[in-house]
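*Asks:* Numbering (UniProt numbering), first residue to last: 1 to 131.
Glycine included, C-beta positions come from ideal geometry on N, C-alpha and C.
Predicted model only: the values in this text are computed from it and were never measured.
See below:
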């Protein structure tokens, strides 16, 4: 009969370090694009020189939109910067490929690194297989 699988023990300090490491990774992944201006948004478009007054109509905002902007505390001048900033939704094939490779590489790394543990659990549940 196969012996019961016992996962490796991790100390409280190890769990704490792992948690902090993951938090730093997530925070870094979210903040680095902003810090290095990789956000994809263009700078706010400037109003044409002949227009001296920005109105809700010139920003193509209807009454409902205008009311919502005002509820948020924005004047037409303040909202113009946000409304005129456009986001680029294009997908870069190279970046997409690199991301896919990183995810696939991580998946393969986890499978390879934990192969012994997986085999022990399978052997415990289903018995040893012949190779």
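Please list, in chain order, all residues of the same chain as residue 66 whose beta carbon is under 6 angstroms from its beta carbon, the five residues on each side excluded.
*Replies:* The residues are 56.
*Asks:* Between residue 80 and residue 54, is the Cβ-Cβ spacing less than 8 angstroms?
*Replies:* Yes.
*Asks:* Are the CB atoms of residue 153 and residue 121 nearer to each other than 8 angstroms?
*Replies:* Not covered by the structure: residue 153. The range shown for the chain is 1 to 131.
*Asks:* Expressed to the nearest angstrom, what Euclidean distance is found between the alpha-carbon atoms of residue 28 and residue 115?
*Replies:* Approximately 30 angstroms between the Cα atoms of the pair.
*Asks:* Between the C-alpha atoms of residue 83 and residue 94, what's the straight-line distance to the nearest angstrom?
*Replies:* Whole-angstrom Cα-Cα distance: 30 angstroms.
*Asks:* Alpha carbon to alpha carbon, how far is residue 113 from residue 106? Give it in angstroms, no decimals.
*Replies:* Approximately 10 angstroms between the Cα atoms of the pair.
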